[in-house]
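Below is one structure; the comments refer to it alone.
Protein chains: 2
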Amino acid sequence: MILCDVGNSSFHFDNNGEIYTQSVETFNPSQILEDVYFICVNPHVIGLLNGLCNWINLADFIDMSKYYETMGIDRIIACEAVDNAIVIDAGSAITVDIVKNGCFEGGFIYPGVKAMQETYANISSRLDYSFNFECDLDIMPKNSQDAITYGFVRTFYTEVMSHGMPIVLTGGDALKFKKIFKEAKVDKELIFSGMKKIIQKVQPC
Amino acid sequence: MILCDVGNSSFHFDNNGEIYTQSVETFNPSQILEDVYFICVNPHVIGLLNGLCNWINLADFIDMSKYYETMGIDRIIACEAVDNAIVIDAGSAITVDIVKNGCFEGGFIYPGVKAMQETYANISSRLDYSFNFECDLDIMPKNSQDAITYGFVRTFYTEVMSHGMPIVLTGGDALKFKKIFKEAKVDKELIFSGMKKIIQKVQPC
C-alpha cells in the first residue's frame, strides 16, 4: 500500500513501510500506476492529483464537521491518529491539538523553532542566540540565551502540561522538544498512522 | 527634578511630572542646563551624555552584581521600582522579571506583539491575523485567529500566572495585556518611579 503526504515542497511517501521524499518541483505523480492514498496541503498540486484516478484523496473520507474550516488536512489526520492525546506537530509552525475520546477539542498554533529564533534576532542583535534545549527551565534565567529559551520553550511547556494529557510529538523538531517533554511519545510517522486508520475504517475499494 | 530615560530612538523626559519625548536624531542634550538624572540604553548617545557634567547617569548608583551583565539598564531600573512583583515590560520585546523582597530572581524575554504577529504572517499567509485580545482563552480555539492568539497570549499567561505573584505591567502594549492579566497593576511610568527611588536612596549631590 502506498501512502503519500503532500506538503508545500515535497511528496512524503510510505511505500509499504519504506519512507522517502520527492520534490514537488521535479516529481511527476502520474508515473505511479498503483493506487496511492494521499493527503495534500499544496493548493497547486491538489488539482493535478484529483485528476489522477489512482490517487485517492483521504480528505474525502473525513467527517470535516468535527474540525474547523481553515484547519490543515495534515493536522486533521494527525488528530485522527490518536484517541486521547495532545498532539504537538513541531514544524515551521507548531500546532498543538487536543483529542479526547476521539473528538477534536480545539488547538493552538505556536511559531516553530526557526521562526522564533529569527524573531528574537530581528528584535535585537543582542537576542541573536540559538535556543538551549538543555537549559534547566525550573530556574529563572540570568543570561540572555536562557532568557529567550525560557521565553520560547518554558511558556509553551507550562501551557501544554496544564492540560494533563498524554503527549505525542511529531514533525521535524520532535526530538528537540522530547528533551523538554520527557514523558512524551515521539511518532515521526503519525500522519501515516492516521492515514492507515482512516483506510481501515472506510475500506475504500 | 528632570529625569530622562534614553531609548534607541527617543529621550523620554519626566520634568517635574510633565512627561514628554524628544527624538534622538534632533534633540541636543547640552541645551539643558539643569541637572538631569538619566539612564540610557543607546550606545551612540551614552558617550555624549557622560561628557556633560549636569547629566547624571543613575546606572552608576546601581549594585550591578544583583543583575546579569547583558541585562538592559531600563529592565534593571524597572526591577528597582518594585519590592515583590513580576514586572512585565511589553514593548518590541516583552521582558518578564521576578523581584522577591527587593532581590532580582531572574527573568525571561518573549517577543512583543508586533514581532510575533509578523512571525505568524511570515510562516504562512493563512496565519496573517491580528491577535484578538478579547478572545476567551479558557476555550481551546477552533479558528485560525484564536489559534494564534492562544499560541501567543495563553502560553505566556499560563507561565506568568504559575509564579503566583502580583503583576506590574508597563511598556507600550501594557493596556493590551491588561485585558488578559485582569488583576495586574498598570504603571506606564514605572521606569521613572524606579529612577526616583534610586535618587532618594543615594541622594547624589
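Chain order of the listed sequences is A and B. Position 169 of the first sequence, counting from 1, maps to 169 under the working numbering, and the rest follow consecutively. Position 108 of the second sequence, counting from 1, maps to 1108 under the working numbering, and the rest follow consecutively. All C-beta atoms, glycine included, are put in the ideal place defined by N, C-alpha and C. Remember, it's a predicted structure, so these values are computed and weren't measured experimentally.
Among the CB atoms of chain B, none fall inside 8 angstroms of the CB of F11 (chain A). Check the Cα spacing between G151 (chain A) and each of A:D35, A:V82, A:M116 and A:G171: the tightest is with A:M116. With respect to the 8 angstroms criterion, I1086 (chain B) and M1165 (chain B) are classified as neighbours on the basis of their beta carbons. In the structure shown, Y1037 (chain B) adopts extended strand secondary structure according to DSSP, grouped into three states.
For T158 (chain A), the uninterrupted alpha helix (DSSP H) segment begins and ends at T155 to M161. Judged by DSSP secondary structure, C1079 (chain B) falls within the alpha helix (DSSP H) whose first and last residues are I1073 to E1080. For chain B, none of the residues of the region 172-197 of chain A brings a beta carbon within less than 8 angstroms of one of its beta carbons. Judged by DSSP secondary structure, S144 (chain A) falls within the alpha helix (DSSP H) whose first and last residues are S144 to T149. Taking C-beta separations shorter than 7 angstroms and ignoring five residues to either side along the sequence, the partners of Y1067 (chain B) in its chain run I1076 and F1104, following chain order. In the DSSP annotation of this structure, V1202 (chain B) is not part of any beta strand (DSSP E); the continuous alpha helix (DSSP H) holding it starts and ends at L1190 to V1202. Contact annotation: P111 (chain A) and I123 (chain A) have beta-carbon atoms that are not nearer than 8 angstroms. Boundaries for Q31 (chain A): no beta strand (DSSP E) harbours it, and the DSSP string shows neither H nor E there.
Here the region 1021-1037 of chain B lies against the region 1049-1057 of chain B, with 3 or more beta-carbon pairs under 8 angstroms apart.
Taken through DSSP and simplified to helix, strand or coil, F1131 (chain B) comes out as coil.
With a beta-carbon spacing of about 6 angstroms, M1140 (chain B) and G107 (chain A) fall inside the 8 angstroms limit used to define contacts. Annotation for V1006 (chain B): H1012, V1024, F1038, I1039, C1040, V1041, N1042, V1045, I1046 and L1049 place their beta carbon closer than 8 angstroms to its own, counting only its chain and skipping 5 residues before and after. Contact note: G151 (chain A) reaches chain B through F1108, I1109 and Y1110, using a C-beta cutoff of 7 angstroms and chain order. For S1162 (chain B), the closest Cβ of chain A is nearer than 8 angstroms.
In this model, D1089 (chain B) and A1184 (chain B) are separated by some 12 angstroms (Cα to Cα). About 16 angstroms separates the beta carbons of I73 (chain A) and E189 (chain A), which is beyond the 8 angstroms limit, so they are not a contact pair. Not a single CB atom of chain B sits nearer than 8 angstroms to the CB of T26 (chain A). Against chain A, the beta carbon of F1156 (chain B) has neighbours under 7 angstroms at T155, listed in chain order. A Cβ of chain A is located within less than 8 angstroms of the beta carbon of A1093 (chain B). Beta bridge pairing from DSSP links A85 (chain A) with A:V99. Here E134 (chain A) really is in contact with K179 (chain A); their C-beta atoms are around 7 angstroms apart, less than 8 angstroms. Here G1091 (chain B) is not near G1194 (chain B), since their CB atoms are 8 angstroms or more apart. In the three-state DSSP reduction, G171 (chain A) falls in the coil class, being neither helix nor strand. A residue is called buried once 16 or more other Cβ atoms fall within 10 Å of its Cβ, and L175 (chain A), having fewer, is exposed.
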